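Which chain is which? The protein sequence lines are A and B, in order.
Remember, the working numbering sits 57 above the position in the first sequence when you count from 1.
Remember, the working numbering sits 57 above the position in the second sequence when you count from 1.
Protein chains: 2
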Amino acid sequence: MDRPTGTGEDYLRLDNQICFSLHAATRAFNGVYRGALKELGLTYPQYLVMLVLWEHGELPVKGIGERLKLDSGTLSPLLKRLEAAGYVERRRSPEDERSVTVRVTEEGAALRRKALGVPRAIAAATGLELEEIQELRDRLHALAARLDAVDAGALGCG
Amino acid sequence: MDRPTGTGEDYLRLDNQICFSLHAATRAFNGVYRGALKELGLTYPQYLVMLVLWEHGELPVKGIGERLKLDSGTLSPLLKRLEAAGYVERRRSPEDERSVTVRVTEEGAALRRKALGVPRAIAAATGLELEEIQELRDRLHALAARLDAVDAGALGCG
DNA sequence: CGCCATTAGATTGTGCACAACTTAATTGAG
DNA sequence: CTCAATTAAGTTGTGCACAATCTAATGGCG
């Protein structure tokens with residue numbers, strides 16, 4: 058192999074690790090959630106949507122998208138599946154016919170009670186103390202914010 | 058709203074944050090990589106596959122899957138696309154006709170040289186020092202390992 | 001040798017992420 | 001008021017992740 062130069066090879070190795078670790082951690086989380094959410098009949102992204110809806114009661118599609126950073130191309134079919142499952146209702150807003158309001162149904166509210174046990178199981182699965190989880194969360198949040206800014210703003214230098 | 062009990066509500070909020078932060082950070086990374094890899098004609102998962110192939114020269118599909126924790130359902134079509142792009146070759150192993158060996162082509166090797174600049178750009182985009190990146194990577198690695206173990210082993214207590 | 005369990009890949013089907021485009025409603029400038 | 005720009009959802013197409021299933025090759029055992 059070429060001798061590491063400090064300009065390419067070792068950076069490449071390092072980057073490999075951080076991005077792959079993130080990728081792997083996300084998929085590992087997905088796997089654990091998949092098991093925990095199976096009996097609720099939710100996928101992990103559906104669970105995220107239900108979390109914001111449980112918190113806010115009802116939101117326009119756009120509002121859900123802003124909170125989860127997802128666009129209509131992802132949300133429209135996902136919400137249809139949640140509606141088909143009976144957990145949410147969608148209806149055009151009377152004030153603005155362009156907007157669709159998503160509301161938790163009674164069945165969706167009942168699901169919330171069943172979901173209350175999930176987070177504790179997940180937290181236990183991580184094997185981390187609350188403080189560690191919080192710290193990691195804060196770092197990831199800051200990292201995502203930074204990356205989003207760079208992505209949108211086309212790379213400010215340093 | 059129900060008063061937080063310490064058993065459900067606040068855990069739920071916390072878990073929301075950690076899992077969502079991870080989710081959001083991964084997608085933010087994907088977005089930045091998407092931009093950086095566009096001129097190479099690679100997606101981010103394709104880039105990961107090329108990284109392990111650049112490192113090992115040639116590997117069976119199974120070997121790639123072990124390193125990236127991906128199964129044939131994901132890798133088969135992805136490798137076909139990489140082959141169609143001319144970056145890899147696939148051929149049945151003569152010793153074991155069940156196995157398919159994936160090898161980097163000359164064009165794939167040339168791509169590597171073009172890819173050398175990518176990691177530095179990504180590292181810069183994170184706005185983190187190398188030490189911070191390493192620490193975060195280690196934590197995520199440990200977290201993923203823990204979650205994978207729990208997932209496979211169906212939840213040991215504690 | 002003949003047969004079955006195992007193994008490696010490929011295939012199929014579902015769901016998510018995202019880009020690009022379409023449709024319909026709303027807003028705003030002239 | 002009229003028409004162009006904007007906005008909110010939805011639709012389409014590509015690619016990844018993963019479960020389930022299938023095919024073909026291998027290996028082990030009687």
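Backbone N, C-alpha and C fix where the C-beta goes; we use that ideal spot for every residue, glycine too.
Owing to the predicted nature of the structure, the values given are computational and were not obtained by experimental measurement.
C-beta contact flag for residue i and residue j at 8 Å
i	j	result
A/V145	A/A93	no
B/L132	B/V118	yes
A/A82	B/L116	no
B/V161	B/R147	no
A/I75	B/I75	no
B/A85	A/L204	yes
B/V207	A/V207	no
Residue i to residue j span [Cα, whole Å]
i	j	result
B/D59	A/L110	In this prediction, B/D59 has a pLDDT of 46, which is less than 50 and means its spatial position is unreliable; what the coordinates show is noted afterwards. Each residue's alpha carbon lies about 16 Å from the other.
A/R194	A/H113	22 Å
A/N87	B/L136	24 Å
B/I121	B/R70	37 Å
B/T183	B/A142	30 Å
B/T100	B/M107	10 Å
B/D128	B/S150	19 Å
A/I179	A/E123	25 Å
B/C214	A/E164	Caution applies to B/C214, whose pLDDT of 41 falls short of 50 and renders its modelled position unreliable; the value that the coordinates give is listed next. Cα-Cα distance, rounded: 31 Å.
A/L212	B/L173	In this predicted model, A/L212 has a pLDDT of only 48, less than 50, meaning its place in the structure is not dependable; the value taken from the coordinates is given anyway. For A/L212 and B/L173, the distance between alpha carbons rounds to 18 Å.
B/A209	A/E152	50 Å
A/A202	B/A167	34 Å
A/E192	A/L125	20 Å
B/T62	B/R170	The pLDDT assigned to B/T62 is 49, lower than 50, so where the model puts this residue is not dependable, and the model offers no usable value.
B/L105	A/E154	44 Å
A/V159	A/Q103	13 Å
A/F77	B/R196	12 Å
A/A181	B/G130	30 Å
B/Y68	A/Y68	38 Å
Partner residues on chain A for residue i, Cβ-Cβ distance less than 9 Å
i	result
B/L71	P176, A180, L187, I190, Q191, R194
B/V106	Within chain A, no residue comes near B/V106; the closest Cβ sits about 11 Å away, beyond 9 Å.
Contact list for residue i against chain B, beta-carbon separation under 7 Å
i	result
A/L79	A82, T83, F86, L197
A/Q74	R194
Interface partners of residue i on chain B, CB under 8 Å
i	result
A/V161	What A/V161 touches in chain B: nothing, since even the nearest Cβ is about 13 Å away.
A/G114	Chain B residues near A/G114: none, gap ~10 Å exceeds 8 Å.
For residue i: DSSP bridge partner residues
i	result
A/V106	Beta-bridge pairing links A/V106 to no other residue.
A/E146	A/R160
B/E192	DSSP output for B/E192 lists no bridge partner at all.
Partner residues on chain A for residue i, Cβ-Cβ distance less than 7 Å
i	result
B/G120	Under the 7 Å cutoff, chain A gives no residues; its nearest Cβ is about 16 Å from B/G120.
B/G92	D208
Interface residues of chain B facing residue i [CB-CB closer than 9 Å]
i	result
A/G165	Ordered by position in chain B, no residue passes the 9 Å Cβ test against A/G165, which lies about 15 Å from the chain.
Neighbouring residues, chain A, relative to residue i (Cβ below 8 Å)
i	result
B/V157	What B/V157 touches in chain A: nothing, since even the nearest Cβ is about 23 Å away.
Check your understanding: Closer than 9 Å, Cβ to any Cβ of chain B: which residues of the region 179-191 of chain A, in chain order?
Key -> Taking a C-beta cut-off of 9 Å against chain B, the contacting residues of the region 179-191 of chain A are I179, A180, A181, A182, T183, G184, L185, L187, E189, I190, Q191, listed in chain order.
Check your understanding: Taking any Cβ of chain A, which residues in the region 126-150 of chain B have a Cβ under 7 Å from it, in chain order?
Key -> Along the region 126-150 of chain B, going in chain order, the ones with a CB nearer than 7 Å to a CB of chain A are K126.
Exercise for review: Determine which residues of the region 200-211 of chain B have a Cβ less than 7 Å from any Cβ of chain A, and write them out in chain order.
Suggested key: Listed in sequence order: L200, A201, R203, L204, D205, V207, D208.
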